[in-house]
Amino acid sequence: MSPNAADRVPLGCPDRVVSIIDGRPVAVSRDGRDLPVVYPASGETISLLREADEAEVSSAVAAARAAFDQGPWSRMDVNQRKDILYAIRDRLRGHAEELAHLEVLNTGIPISHVQGQVQRMTRNFEFFAEVASTLSGETYTQTSGYLTYVTREPKGVAALISPWNAPLALSSMRIAACIAFGNTCVLKPSEYTPVAVARMVELMHECGLPPGVVNLVNGRGAVTGAALVAHPGIDMVGFTGGTATGRAIMQAAGAKLKPCILELGGKSASIIDCGADLDRALDGALLGIFSNNGQQCLAGSRILVHRAVAERFIARFVERTRNLRIGDPMDPGTEIGPLAYEAHLERVLSYVDVARADGARLLVGGRRVEEARPGYYMQPTAVLAPSNGTRVCQEEIFGPFATFLLYDSLDEAIRIANDSPFGLVCYLWSGDLQAAMRVSRDVRAGTVWINTPMMRELRAPFGGFKQSGVGRDGASSSAEFFTELKTTTIPVDPPALRRLGRDDRE
Ligand code: NAD
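Residues in the sequence shown are numbered from 389 upward in steps of one, following the working numbering.
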């Protein structure tokens, strides 16, 4: 590897990341709490995050409430809102390089991957502008003499909470979906990766977004996040993150009956059928687990290989894994960067011992990249598990850690794929149409990808079965979540009314 990441100067990174409330950065008071923001490739502190306490969260919610309750955003002509969303897209596009640099600096994800995510960030704004501008209602005329129509209205103020593994792409998707329909929000990104997101929110205010529509607070989940979810001014919660956190958030929100959309963890199967194009299946399996440094909810982290092709397939996978270019995430040639933060690296590494204790065989990797210390690099790792009941098959590891399992029939592969608390996605590599149809029908997962690595069709619903989530993102699914339905009934001619309480009744 080329561990020269520590030599890079963190150009353009702000000294401090603060909340943005009502369109303005919040001045730093002397008695607040600062958290270090770190470049994972070097372990160096690149900025300080000022944690928002309950009072600051309250001001952010108040700003979002005012922008919603008094307008103009919630009542704005949709075409005008659309123009602002397009202006945001253009502004962010103009700063794509800067945003990508900040994102790499804070996440350690290789620049080649982050560039794709930055593109997705800009697309989110145009996409939801279009969805909102074509939203329509329903009418009912079946009951004679009456017209009943159903309209969609913005729902209110959202708490949006996002994780560290794809900060720009995921935060922008929820913001765009939320505000396109006329809602306002308070975003709390991960305390580990606030830098690029804060710049994105700043840029959004430079192109006509009214103050208070998008507010930003920063801090740890248990402090800032929990205060936000519990705040009485919040009408709904959009959360992306771990399953345990999702459960806590839904409980807190449920106490006040706030609707939630939760995109959570996964332990998805990547099924390699014996009749698959094995070259492509190999490329796909590698991408499925090692993209984004392996830190993906939709990783194909359980690779199920048909026994007839397993020996050769796994040997080639191991050879390619050894060959992966680990290094400076700013280098366009880098394929694997450091993990997001040190405690996370330790957690992922701990699964090597868990695997051994489970009777799994280490095939490749399994160690920290010592020569890259203090950067948080881990060797890409693969193990062969003796059964799907092992912890490395049941728990989300969320790092460059592949677990292989062998199977003998498609029925068995489907059974294994489904034997999981999660149900986010499933990959199948096969030349057999019937196998594809069966996997599509029988695997209990929100998305099935046949002969392709991750391909996120924004128009289609995305979300998880079982403990991988509640609700879906997508064109109509986001419209469902971020709007309320209102039914209005008007008689065409004045109907005869019973006249209660009159003396002249017959
Ligand atoms: P996490 O659950 O630790 O944190 C996510 C966010 O929630 C952070 O902003 C955190 O500060 C906040 N948070 C934590 N506790 C909170 C509380 N009590 N109240 C309010 N907010 C709180 O997750 P993470 O480690 O940041 O991200 C990794 C996880 O995210 C993985 O499990 C991954 O699978 C999942 N994820 C899912 C999707 C999806 O679309 N399904 C996408 C990306 C990541």
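Positions of the beta carbon are idealized from the N, C-alpha and C atoms, including for glycine.
Helix, strand or coil at Pro413 according to DSSP, with G and I counted as helix: The residue given as residue 413 occupies position 25 in the sequence shown. It is a strand residue.
Ordered list of alpha helix (DSSP H) runs contained in the stretch 423 to 470, each at least 4 residues: 442 to 457
Any non-hydrogen atom of the ligand NAD closer than 7 Å to Phe789 Cβ: If you number the sequence shown from 1, residue 789 lands on position 401. Flag unset: Cβ of Phe789 not near the ligand NAD.
Contacts around Leu650, its chain only, beta-carbon distance under 6 Å, and the 5 residues preceding and following it disregarded: Residue 650 sits at position 262 when you count from the first residue of the sequence shown. Closer than 6 Å at the Cβ level, and outside the excluded window around Leu650, lie Phe627, Gly634, Gly857 and Val858.
4-residue-minimum alpha helix (DSSP H) runs that sit fully inside the stretch 732 to 813, ordered along the chain: 779 to 782 and 798 to 806
Closest Cα partner of Gln855 within the set Asp807, Tyr528 and Thr778: For the purposes of this step, residue 855 is taken as residue 467 along the sequence shown, with counting starting at 1. Minimum Cα distance to Gln855 is reached at Asp807.
Supposed contact pair Pro402 and Glu491 - C-beta distance, whole angstroms, cut 8 Å: For the purposes of this step, residue 491 is taken as residue 103 along the sequence shown, with counting starting at 1. For the purposes of this step, residue 402 is taken as residue 14 along the sequence shown, with counting starting at 1. Not confirmed; about 14 Å, so no contact.
Collapsed DSSP secondary structure at Asp861 in the structure displayed: Residue 861 sits at position 473 when you count from the first residue of the sequence shown. In this structure, DSSP gives Asp861 an extended state, which the three-state scheme calls strand.
Cα-Cα separation, Ala565 to Met588: Here the question's residue 565 lines up with position 177 in the sequence shown. Here the question's residue 588 lines up with position 200 in the sequence shown. Approximately 16 Å, taken between the alpha carbons.
Cβ-Cβ separation, Thr791 to Ser689 (assumed contact under 8 Å), whole Å: The count along the sequence shown starts at 1 and reaches residue 689 at position 301. The count along the sequence shown starts at 1 and reaches residue 791 at position 403. Right, their Cβ atoms sit about 6 Å apart.
Residue span of the beta strand (DSSP E) that contains Ile714, given as start and end: By one-based count along the sequence shown, residue 714 stands at place 326. That residue, Ile714, is in no beta strand (DSSP E); it is neither H nor E in DSSP.
Pro582 Cβ short of 7 Å to the ligand NAD heavy atom set: In the sequence shown, the residue the question calls residue 582 occupies position 194. Not so, every heavy atom of the ligand NAD lies at least 7 Å from the Cβ.
Contact belief for Gly525 with Thr539 at Cβ below 8 Å, rounded distance in angstroms: For the purposes of this step, residue 525 is taken as the residue at position 137 of the sequence shown. For the purposes of this step, residue 539 is taken as the residue at position 151 of the sequence shown. 5 Å between Cβ atoms; contact.
Euclidean distance between Cα positions of Val545 and Trp461: Working through the sequence shown from its first residue, we reach residue 545 at position 157. Working through the sequence shown from its first residue, we reach residue 461 at position 73. Using only the alpha carbons, I get a separation of about 12 Å.
Beta-carbon spacing of Gly753, Thr769 below 8 Å: Stepping through the sequence shown from its first residue, residue 753 is reached at position 365. Stepping through the sequence shown from its first residue, residue 769 is reached at position 381. The criterion of a C-beta distance shorter than 8 Å is satisfied by Gly753 and Thr769.
Whole-angstrom distance between Asp861 and Ala848, CA atom to CA atom: What you label residue 848 is simply residue 460 of the sequence shown in a count that begins at 1. What you label residue 861 is simply residue 473 of the sequence shown in a count that begins at 1. Separation of Ala848 and Asp861 (C-alpha to C-alpha, rounded to the nearest whole angstrom) is 8 Å.
Asn512, enclosing alpha helix (DSSP H) - first and last residue: Taking the first residue of the sequence shown as 1, we reach residue 512 at position 124. Residues Ile499 to Ser521.
Separation of Phe869 from Met638, as counted between CA atoms: Counting from one through the sequence shown, the residue named residue 638 turns up at place 250. Counting from one through the sequence shown, the residue named residue 869 turns up at place 481. Counting only the Cα atoms, Phe869 lies some 15 Å from Met638.
Reference Leu523; option with closest CA among Leu885, Arg887, Asn512 and Ser866: Counting from one through the sequence shown, the residue named residue 523 turns up at place 135. Leu523 has its Cα closest to that of Ser866, out of Leu885, Arg887, Asn512 and Ser866.
N-terminal and C-terminal residue of the alpha helix (DSSP H) that Pro555 is part of: Here residue 555 is taken as the residue at index 167 of the sequence shown, counted from 1. Taken as a continuous stretch (DSSP letters only), the alpha helix (DSSP H) holding Pro555 covers Pro555 to Ala568.
Simplified DSSP assignment, three categories, for Ala867: For the purposes of this step, residue 867 is taken as the residue at position 479 of the sequence shown. Residue state, collapsed to three classes: helix.
Boundaries of the beta strand (DSSP E) in which Glu651 is found, first to last residue: Residue numbering aside, residue 651 sits at position 263 when the sequence shown is read from its first letter. Following the DSSP letters along the chain, one finds Glu651 inside the beta strand (DSSP E) bounded by residues Cys648 to Glu651.
Start and end residues, beta strand (DSSP E) containing Glu526: As a position in the sequence shown, residue 526 is number 138, starting the count at 1. That run of the beta strand (DSSP E) goes Glu526 to Tyr528.
Cβ shell of Thr877 (< 7 Å), same chain only, five flanking positions each side left out: For this step, residue 877 is matched to residue 489 along the sequence shown. If the five residues before and after Thr877 are omitted, its C-beta is found closer than 7 Å to the C-beta atoms of Tyr534 and Thr536, all from its own chain and listed in chain order.
Same chain, Cβ closer than 6 Å to Ile510, five either side skipped, listed in chain order: For the purposes of this step, residue 510 is taken as the residue at position 122 of the sequence shown. The sequence given here places Thr at residue 510; Ile does not occur at that position. Cβ within range, chain order: Arg477, Leu480 and Arg481.
Where the alpha helix (DSSP H) containing Arg635 begins and where it ends: For the purposes of this step, residue 635 is taken as the residue at position 247 of the sequence shown. Looking at the DSSP string, the run of the alpha helix (DSSP H) that includes Arg635 is Thr631 to Ala643.
For Leu548, the three-state DSSP class (helix, strand or coil): If you number the sequence shown from 1, residue 548 lands on position 160. In this structure, Leu548 counts as strand in the three-state DSSP scheme.
Distance cut-off 7 Å: Gly682 Cβ against heavy atoms of the ligand NAD: As a first step, residue 682 is located in the sequence shown; it is residue number 294 there, counting from the start. No, the ligand NAD has no heavy atom inside 7 Å of this Cβ.
Residue range of the beta strand (DSSP E) that includes Ala657: Taking the sequence shown and counting its residues from 1, one reaches residue 657 at position 269. Taken as a continuous stretch (DSSP letters only), the beta strand (DSSP E) holding Ala657 covers Ala657 to Ile660.
Buried or exposed (CB count within 10 angstroms, at least 16 for buried), Lys644: Locating residue 644 in the sequence shown gives position 256, counting from the first residue. Per the 10 Å Cβ criterion, exposed.
Strand pairing of Val693, partner residues [DSSP]: On the sequence shown, position 305 is the one that residue 693 refers to. Per DSSP, Ile660 and Leu794.
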